[in-house]
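Novice:
Residue numbers (the UniProt record's numbering): 1 to 441.
1. Count the C-beta pairs between the segment 187-194 and the segment 129-143 that are closer than 8 Å, then say yes if the count reaches three, no if not.
2. Residue 220: buried (16+ other C-beta within 10 angstroms of its C-beta) or exposed?
3. Since I believe residue 151 is in contact with residue 430 (beta carbons under 8 Å), could you give me their beta-carbon distance rounded to a whole number of angstroms?
4. Report the rounded CA-to-CA distance for residue 164 versus residue 147, giving the unit in angstroms.
5. Is the distance from the Cβ of residue 119 to the Cβ of residue 299 below 8 Å?
6. Taking DSSP as the reference, what is the three-state secondary structure of residue 186?
7. Please report how far the alpha carbon of residue 43 lies from the alpha carbon of residue 113, in whole angstroms.
8. Give the C-beta separation of residue 405 and residue 84 to the nearest angstrom, bearing in mind that I take them to be a contact with Cβ-Cβ under 8 Å.
9. How is the alpha helix (DSSP H) around residue 442 delimited, first residue to last?
10. Does residue 389 come out as helix, strand or coil in the three-state DSSP assignment?
11. Rounded to a whole number of angstroms, what is the C-alpha to C-alpha distance between residue 413 and residue 65?
12. In angstroms, rounded to a whole number, what distance separates the CA positions of residue 258 and residue 98?
13. Do residue 138 and residue 305 come within 8 Å of each other at the CB atom, strictly closer than that value?
14. Ordered along the chain, which non-local residues of its own chain (more than five positions away) have a Cβ less than 7 Å from that of residue 270?
15. Relative to the alpha-carbon of residue 427, which residue among 411, 347 and 287 has its alpha-carbon at the smallest distance?
16. Count the other CB atoms within 10 Å of the CB of residue 250; is the residue buried (16 or more) or exposed (fewer)?
17. Could you tell me which residues DSSP pairs with residue 69 in its beta bridges?
18. Comparing alpha-carbon positions, which option in 441, 91, 312 and 425 lies nearest residue 276?
19. Of the residues 381, 207 and 261, which one's Cα is nearest the Cα of residue 171?
20. Report buried or exposed for residue 161, applying the criterion of at least 16 other Cβ atoms within 10 angstroms of its Cβ.
21. Which value, in whole angstroms, describes the spacing of the CA atoms of residue 155 and residue 297?
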């Protein structure tokens, strides 16, 4: 007996086997009589470039009007949360960074804050490490919003915006690479601090970027904000008011474009955000235009935070002092990323056997985390990114679950799309800014 709405199943000698098909496609299409009904059912995605990744939308149409929209997800499921259970707590950063791949540093930050809370060392994280985290998160927020502007511009006909958005993002990725050795998926934030100190050359690049980026933002606005086609494709399109956002659990720029200034950096501060001067941009249009305005304004606010973080960057350690937690290996950035410093390897090999054993045990087995469970929420470029971490007292997580904003916010697409034109599904879906790596995990 199969429960309606679930995959068919059968018992075998290997256990229960599920047959997963394309959702309820056959049921939907079979219920429509093409002779007496004007409705047609079409697939948009998962290969469609305008669904922002491998998102599939099953659309029921009457002419050009969408009467029903069903998002189908799971095409980018990578088993990140399950894999975490088979790695030590430090290795977990290598997995979570690959979830929302446009905001990897936010995944790492939320995970590390959760582990540090379980360990009870939140107050021991050094000032320099915390400031570097804020600095890099805000740069990552700008990079993520630039991808949104570029891809949304491309999908709505402003092809040049794609080129310019990715051009400026490259500048930020160069800064990340110079510090962590990698452009994306850095595993740079670690429980207890950061893996590598920020070099002086990267600080100079950031200061140059602070001069360079505001001019580019004015160019974007000159190109888009007064453009008639951009107005037609965004104003009054894909409206979702604050009541709808709250009912669906929508957070981030989509919620703030409806007029509610909910930003966890202000409402539930972490990493010392309460000590930074910045505003929470909002709009009152609750449409694609409002989400565009909010993200442009957020880039400007992030630039203000980056400048303040640079001014607060005082010399000091980048890891907790507790040697039972602090990663013992001194790392170096090379042409192929970040790895062991050969000088440090030579040093520990020449020291006592006890220090070598401690190094080996901590790197291979990892530190133990006291039993308990925590939830940490931070403000990612897409909304509230939460980590629910559970420890049974071992060296591996018992369970880690990500509350990814892309997954929750995708609920908004049917609410925005149904009753609108097919072309507006593209604009509405883009304005949510889903990243399927984070949604599917």
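Heads up, the beta-carbon is just placed ideally off N, CA and C, and yes, glycines get one too.
Specialist: The answer reads as follows:
1. The count of Cβ pairs closer than 8 Å, one atom from the segment 187-194 and one from the segment 129-143, reaches three, so the stretches are in contact.
2. Position 220 of the chain shown, counted from the start, is the residue given in the question as residue 220. Buried is the call here.
3. Translated into positions along the chain shown, residue 430 becomes position 430. Translated into positions along the chain shown, residue 151 becomes position 151. Going by Cβ atoms, the distance from residue 430 to residue 151 rounds to 7 Å, so yes, they are a contact pair.
4. Position 164 of the chain shown, counted from the start, is the residue given in the question as residue 164. Position 147 of the chain shown, counted from the start, is the residue given in the question as residue 147. One C-alpha to the other measures close to 10 Å.
5. On the chain shown, position 119 is the one that residue 119 refers to. On the chain shown, position 299 is the one that residue 299 refers to. With contacts defined as CB atoms closer than 8 Å, residue 119 and residue 299 fail to qualify as a contacting pair.
6. Sequence index remark: in the chain shown, residue 186 carries index 186 (1-based). Of the three classes helix, strand and coil, the one that applies to residue 186 here is coil, per DSSP.
7. Translated into the one-based positions of the chain shown, residue 43 becomes position 43. Translated into the one-based positions of the chain shown, residue 113 becomes position 113. So the alpha carbons of these two residues sit roughly 40 Å apart.
8. For this step, residue 405 is matched to residue 405 along the chain shown. For this step, residue 84 is matched to residue 84 along the chain shown. Between residue 84 and residue 405 the Cβ distance is about 19 Å, and since that is not below 8 Å, they are no contact.
9. As displayed, the chain neither begins before 1 nor continues past 441, which places residue 442 out of reach and without an answer.
10. As a first step, residue 389 is located in the chain shown; it is residue number 389 there, counting from the start. Three-state DSSP puts residue 389 in a strand.
11. Residue numbering aside, residue 413 sits at position 413 when the chain shown is read from its first letter. Residue numbering aside, residue 65 sits at position 65 when the chain shown is read from its first letter. C-alpha separation (whole angstroms): 15 Å.
12. Within the chain shown, residue 258 is the residue found at index 258, counting from 1. Within the chain shown, residue 98 is the residue found at index 98, counting from 1. Straight-line Cα distance between these residues: approximately 30 Å.
13. Residue mapping note: residue 305 aligns to position 305 of the chain shown, counting from 1. Residue mapping note: residue 138 aligns to position 138 of the chain shown, counting from 1. Cβ atoms of residue 305 and residue 138: closer than 8 Å.
14. Stepping through the chain shown from its first residue, residue 270 is reached at position 270. The answer, listed in chain order, is 113 and 378.
15. Residue numbering aside, residue 427 sits at position 427 when the chain shown is read from its first letter. Ranking the options by Cα distance to residue 427, first place goes to 287.
16. Sequence index remark: in the chain shown, residue 250 carries index 250 (1-based). By the C-beta density criterion, residue 250 is buried, having at least 16 other C-beta atoms within 10 angstroms.
17. The count along the chain shown starts at 1 and reaches residue 69 at position 69. Answer is 59, bridged to residue 69.
18. Residue mapping note: residue 276 aligns to position 276 of the chain shown, counting from 1. When each option's Cα is compared against that of residue 276, the closest is 312.
19. For the purposes of this step, residue 171 is identified with residue 171 of the chain shown, where counting begins at 1. Ranked by Cα distance from residue 171, the first of 381, 207 and 261 is 207.
20. Taking the first residue of the chain shown as 1, we reach residue 161 at position 161. Residue burial annotation: residue 161 is buried, with at least 16 other C-beta atoms found within 10 angstroms of its C-beta.
21. Here residue 155 is taken as the residue at index 155 of the chain shown, counted from 1. Here residue 297 is taken as the residue at index 297 of the chain shown, counted from 1. Taking C-alpha positions only, residue 155 is separated from residue 297 by approximately 21 Å.
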